[in-house]
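So the protein sequences, as listed, match chains A and B.
Each residue of the first sequence is one higher than the last, beginning at 12 in the working numbering.
Each residue of the second sequence is one higher than the last, beginning at 12 in the working numbering.
2 protein chains.
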Amino acid sequence: MVNRIRITAIISSLFLLAADAGYFAPQELGTAAALRDRALEGSEAYNLAASLTTEVGPRLAGSPGDWQAVRWAAMKFKELGFDRVWTEPVPIDAWARGEEMATIVAPFPQKLVVTALGLSEPTPEDGIEAEIAHFETLADLMEAPLGSLDGRIAFISNRMERTRDGSGYGPAVQARSRGAIEAAKRGAVALLIRSIGTDNHRVPHTGGMRYEDGAPRIPAAALANPDADLLVRQLGYDQPVVVRLKLETERIGLAVSANVIGEITGSEKPEEVIILGAHLDSWDLGTGAIDDGAGVGIAMAAAHLIGQLEERPKRTIRVVLFAAEEVGLVGARKYLEDHLGELRNHIIGAESDFGAGRIWRLSSGVSENAVPVMDAIASVLEPLGIERGGNEAGGGPDLTPLRGAGMAVAGLDQDGTLYFDLHHTPDDTMDKIDRKAMDQNAAAYAVFAYLAAQYDGRFD
Amino acid sequence: MVNRIRITAIISSLFLLAADAGYFAPQELGTAAALRDRALEGSEAYNLAASLTTEVGPRLAGSPGDWQAVRWAAMKFKELGFDRVWTEPVPIDAWARGEEMATIVAPFPQKLVVTALGLSEPTPEDGIEAEIAHFETLADLMEAPLGSLDGRIAFISNRMERTRDGSGYGPAVQARSRGAIEAAKRGAVALLIRSIGTDNHRVPHTGGMRYEDGAPRIPAAALANPDADLLVRQLGYDQPVVVRLKLETERIGLAVSANVIGEITGSEKPEEVIILGAHLDSWDLGTGAIDDGAGVGIAMAAAHLIGQLEERPKRTIRVVLFAAEEVGLVGARKYLEDHLGELRNHIIGAESDFGAGRIWRLSSGVSENAVPVMDAIASVLEPLGIERGGNEAGGGPDLTPLRGAGMAVAGLDQDGTLYFDLHHTPDDTMDKIDRKAMDQNAAAYAVFAYLAAQYDGRFD
């Protein structure tokens, strides 16, 4: 076995050297490796996330905390010596949460831990008291005839599956995003869902939802997983289950937020930018540590490491801290709008918005020609425990508009096994973040950004 | 090594056979083993805990939920065919929690997750706003001079250590039980502690506290662990940290609860009882699943298994579901008072009040003469993965008064590694309980109770 492994290693090395040789000078690869190793010795990533969650905390788009975060970010970019720092205003249709309460009234009265879904309408001031109509999935609910839920609270109890790559989220989250529309069409007066999350703690998971013209805008909320279990157990007694739900929410109207941008300016092609993204806003329940204080720290720290090199890289490294991701990629869309004239200068981007787990894979979304360049970058990431993935990366939520406009992307894929335990809950707090994992992330982003900035060709 | 292990095994077997032979008839050992195996095939333990937490839920001593639990228990004993079922009233000085709120006001405003300690006084209606005086331990606080905390909120941040046997609890819990007394003596206007718990979720741990004549009765509360971390981080900025605390609590006055008792009556010595204990009350934040719905289920299920044998055991198996454990062993003390005349008939007891983990050890608190009898019982428990422990068992909190009066006890020691993640929190819910572990517990209690009932001698 030993011999075989050794031979494979030698062949790999030869192959990687060959791949590298074509795209990067040895000195560039050496600088990339040095950036990587410096990050592992200790980057600013963890400190930045700690600072943001400690000094600002919750920062729902359009809230006072959000504006504090904008000020924080601009100040930090300056403190870290970025060459250019600016903000680009993003108008927000602000929403706020008030008190929220749910109780099982019958057959066995018990309080439930509940939270309104983001952007939900409030209940009437006295609340809603109605019998539960239980569906295991949104698909089951959609088989119920129109009118069959008249006067009921629809309850969808599907439980999200835990996976490393977060693939359990997509199927489960439909109940949250479309549930209120489909329940309302069938006559329901409110929607309750089991939290879209993999934990079993009494912390509910909020998150965005939608309404649709032609269906009443009914209030919608998520139960913490143990509370959803309790409701399911009470439904098992084959007696009518009645729940009282009260949600205070408010559409506040126009507020201003901002995309906050910091650059390490390129020495040869300053107008061409490598985008490192994260989003600055958070939901209101937690302190936005893993979503997305971690990403903010990683992106800023990676560019900061590059900024400490003796020479600036050829292209510009642009860190974009997007506004209002959680409420519908508002900042990301505004960024696209603001930069339509210079899209072709957006060479490639990557966003960190999947928590604080270690990166285990480099995927890409580049032209066929550029795949070997990404392979070459991957070879420098290998000592970080990062394997090379495929070429179907999406690039992260805030890069969706830019990706749609043709920008190449990289996916520095994090281990998300624990991410959905915390996602959108009060439990999204700094203690969930490991300093060493943050340094590994910063190392990978620094290597990627530096080499992408040095590479002479295009990725699209 | 193999040979040595084999020889040890043979010697052990011989020793155990020898030990068994002296105290129990082969048929008795066979019945005990059959009870054990039947329990593993499926006992009522899990179902009982599920029923209690689903149909009653929170049951703080003296609250309406507590009285519901008393009714539930009496009904369940009857449904399960116990020979005698009765209640013994326990007067309670009832206390209730209202709204509670804490916020860091400066330097960086953020909400904190907080809960009043059990029996705490309320704050004034407007709350208390004061600067934090931080101590890492109660011992550190006790070194502060009298008057040095004038007008401050004392904050003790010690973190409980995780262990299998729960030994981290004792040192840490002093901050909760005595903290308010010592802080008040030194002039503090309120006490905040880090939750006495091993988790890192945003669920605070309540629990009993004491006041003392001669020290002002200041309000006292616990922060969830992540919130204590946040407060510590803000204290690290070397600026004054100001917290606003509001606790609504109420002393309701006299309420009535009850010890609920069910018996499988002995066939030869019915007046002599083997006590299987658990407590029926819970704190108000969770549904009292692991503390102590699990114990209620285990004790009832074990006796129920014995009740299904063709013949009644020689002695009576008495399941006592104690009232008001959490608020100071009130039911346990009342039980002692009510049974002073028959204490000598309390042959031996064991209480299940350490969650729903598997039992890993049988310890005992018996006379030297009876130690080999416990060894013989342990031999039947061995296939359950239970080892024999020492002879220093305390027997569980509700047995403390009986133990003090001379009753022998057994300790069926559970794995408590995860217990203090959930203890006294909203997170103490049914989903934390594993059915198979409950069956293993019921098996062990059934074996212990049956053999203790069959043994002709005494344990004290």
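Beta carbons: idealized from backbone N, C-alpha and C, even for Gly.
Next on the checklist: Short of 6 angstroms in beta carbon distance, which residues of its chain neighbour Q121/A, apart from the five on each side in sequence? Order them along the chain.
Outcome noted: I115
Whole alpha helix (DSSP H) elements within the stretch 119-178 of chain B, 4-residue minimum: 149-153
(message) Applying the 10 Å Cβ sphere with the 16-neighbour rule, what's the burial state of L128/A?
(response) buried
* **Sequence-distant residues of its chain with Cβ nearer than 8 angstroms to D176/A (five each side left out)** => D424, G427
Check: Name the residues in the stretch 288-317 of chain B whose C-beta lies less than 8 angstroms from a C-beta of chain A; which are they?
Finding: G297, T298
| said: Which residues in chain A have a C-beta closer than 8 angstroms to the C-beta of P437/B? List them in chain order. | reply: V124, R213
Excluding the five sequence neighbours on either side, which residues of its own chain have a C-beta within less than 7 angstroms of the C-beta of I145/B, listed in chain order? Checking the displayed sequence, the identity of residue 145/B turns out to be His instead of Ile. Around H145/B: F166, S168, L246.
| request: Answer yes or no: does any C-beta atom of chain A fall closer than 9 angstroms to that of K89/B? | output: no
Checklist entry - Is there at least one Cβ from chain B nearer than 9 angstroms to N236/A's Cβ? => result yes
- How about K443/B: is its C-beta nearer than 9 angstroms to some C-beta of chain A? yes
ask   = Does DSSP put M449/A in a helix, a strand or coil?
value = helix
Going by DSSP in three states, R49/B sits in which element: helix, strand or coil? helix
request  = Note down, in chain order, all residues in the stretch 38-67 of chain B with a beta-carbon under 9 angstroms from any beta-carbon belonging to chain A.
outcome  = A61, T64, T65, E66, V67
Need the endpoints of the beta strand (DSSP E) that K280/B sits in, please. 280-290
- Task: Measure from the alpha carbon of T65/A to the alpha carbon of each residue in V253/B, G376/B, R244/B, then state which is nearest.
- Result: R244/B
### Candidates A460/A, P408/A, G76/A, L40/A: closest to E283/A by CA position
A460/A
(message) So A141/B and V252/B are supposed to be a Cβ contact under 8 angstroms. How far apart are they, rounded?
(response) Wrong, their Cβ atoms sit about 10 angstroms apart, outside the cutoff.
Output the distance between the C-alpha atoms of E362/A and G422/A, rounded to the nearest integer angstrom.
7 angstroms
### Message
Counting only Cβ-Cβ distances shorter than 9 angstroms, please list the residues of the stretch 234-262 of chain A near chain B, keeping chain order.
### Response
A235, N236, P237, D238, D240, L241, R244, Q245, G247, Y248
Strictly under 9 angstroms for the Cβ-Cβ distance: is T440/A near chain B by that measure? yes
Problem - P507/A, enclosing alpha helix (DSSP H) - first and last residue - result: The requested residue 507/A does not occur in the structure, where chain A is confined to residues 12 to 471.
- Same chain, Cβ closer than 6 angstroms to A463/A, neighbours up to 5 away in sequence not counted: I285, I359
E132/B burial status per 10 Å Cβ neighbour count (16 or more: buried): buried
Note to self: Quick check on Q121/A - is its C-beta less than 9 angstroms from some C-beta in chain C?
What the structure shows: Looking for chain C here will not work: the only protein chains present are A and B.
- prompt: Do we get a CB-CB distance below 9 angstroms when we pair T19/B with the residues of chain A?
  reply: Here T19/B scores only 48 on pLDDT, less than 50, and its place in the model should not be relied on; the value that follows carries that caveat. Output row for T19/B: interface = no.
State the start and end residues of the unbroken alpha helix (DSSP H) segment that holds S327/A.
According to the sequence displayed, residue 327/A carries Thr and not Ser. Unbroken run through T327/A is the beta strand (DSSP E), 326-333; no alpha helix (DSSP H).
Practice task
Helix, strand or coil for F459/A, going by three-state DSSP, please let me know.
Solution key: helix
- How many Å lie between A226/B and D240/B at the Cα? 29 angstroms
*For I397/A, three-class secondary structure by DSSP*: coil
- Please confirm if P412/A has its CB atom under 9 angstroms from at least one CB of chain B. no
- request: Apply the 10 Å Cβ neighbour rule to K447/B and answer buried if 16 or more other Cβ atoms are within range, or exposed otherwise.
  value: exposed
### Task
With a threshold of 16 other CB atoms inside 10 Å of the CB of V124/B, please say whether the residue is buried or exposed.
buried
**For H357/B, the residue or residues it bridges with in DSSP** = V284/B
Exercise for the section: Answer yes or no: does any C-beta atom of chain A fall closer than 9 angstroms to that of P100/B? Expected result: no
**Item:** Delimiting residues of the beta strand (DSSP E) encompassing I272/A
**Value:** 253-275
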